[in-house]
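So the structure is just underneath, and the comments pick up after that.
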Amino acid sequence: AGCNRLVINSDNLEVIVTMNNEGRPASIAAIVFDDCYFLACDFPITRFEHCNTKPIGLPMNLLS
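The sequence shown runs 21 to 84 under my numbering.
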């Protein structure tokens with residue numbers, strides 16, 4: 021019982037590459053990536069996937 025699979029989707033390819041590389045970036049965000057990676061490791065099956073998304077457009081009447 022409980023959750024045993026975790027799929028994490030992001031439109032940020034750098035995040036996905038970092039997480040698939042055991043959460044080890046060469047940036048100031050290293051601590052955040054490290055924490056997220058090790059939290060994800062608590063699940064038996066974890067997958068990090070890149071998903072392309074289109075920018076969300078606002079209706080023209082909201083922009084003026």
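Note that beta-carbon positions come from the ideal geometry of N, C-alpha and C, so glycine has one too.
Exercise for the section: Could you check what DSSP says for F68 in three-state terms: helix, strand or coil? Expected result: Three-state DSSP puts F68 in a strand.
Handout entry: Burial state of T73, where buried means 16 or more other Cβ atoms lie within 10 Å
Key = When all chains shown are included, T73 counts as exposed.
Exercise for the section: Using beta-carbon positions only, say whether C35 and E69 come within less than 8 Å of one another. Expected result: Per the sequence shown, residue 35 should be read as Val rather than Cys. With contacts defined as CB atoms closer than 8 Å, V35 and E69 fail to qualify as a contacting pair.
Problem - Alpha-carbon spacing of D54 relative to N40, whole angstroms - result: D54 and N40: Cα-Cα distance of roughly 11 Å.
Practice task
For H25, collect the residues of the same chain with a Cβ closer than 6 Å to its Cβ; drop the 5 residues on either side in sequence, then sort them by chain order.
Solution key: Note that residue 25 corresponds to Arg in the displayed sequence, not to His. Excluding five sequence positions before and after R25, the CB atoms of its chain that fall closer than 6 Å to its own CB belong to I65, given in chain order.
Handout entry: Coarse secondary structure for N40, derived from DSSP in three states
Key = Helix, per DSSP.
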